[in-house]
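Here the structure comes first, spelled out in C-alpha cells, and everything after it is commentary.
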Amino acid sequence: MTTSKRWTYGQMTREAERLIVRHMSKETDNNVSRCMAMGVHQLWYSLTVGWQEDGDSERLERLINPRSQQPPA
Numbered sequence: 504m505t506t507s508k509r510w511t512y513g514q515m516t517r518e519a520e521r522l523i524v525r526h527m528s529k530e531t532d533n534n535v536s537r538c539m540a541m542g543v544h545q546l547w548y549s550l551t552v553g554w555q556e557d558g559d560s561e562r563l564e565r566l567i568n569p570r571s572q573q574p575p576a
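For what it's worth, this note's numbering labels the leading residue of the sequence shown as 504, then goes sequentially.
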C-alpha cells in the first residue's frame, strides 16, 4: 500500500461537496442518489472529525436536504 497520496482538509471538503452535488443532481432513482450523497457526507465527517471548520458539516448536509437546519434569517 502506498502512502504517497495526501489530501488537505480543504481538498477533502471540496471533493465531498462535488460528489454530493453530482449525486443530488441526478434525475434518476433519487432515493439511491440521496443515499450515495449521505454516504459521501458520512465518510467526509468520519475522516475530518476534530478538524472540521465551523459550518462545513451543516453546509454539506443542506446540499442533501435543503430544508434541514436552515440558518437563522
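The beta-carbon is built from N, C-alpha and C at its ideal position, and this holds for glycine as well.
> Would you say the beta carbon of M515 comes nearer than 8 Å to a heavy atom of the ligand ZN?
Replying inline: This structure lacks the ligand ZN; in fact it carries no ligand of any kind.
> Is D559 helix, strand or coil when you go by DSSP?
Replying inline: Collapsing the DSSP output to three states places D559 in a helix.
>> Taking 7 Å as the limit between beta carbons, can you name the residues of its chain near N533, skipping five residues before and five after?
In response: Nothing meets the Cβ criterion.
> Is R517 helix, strand or coil by DSSP?
Replying inline: Helix at R517.
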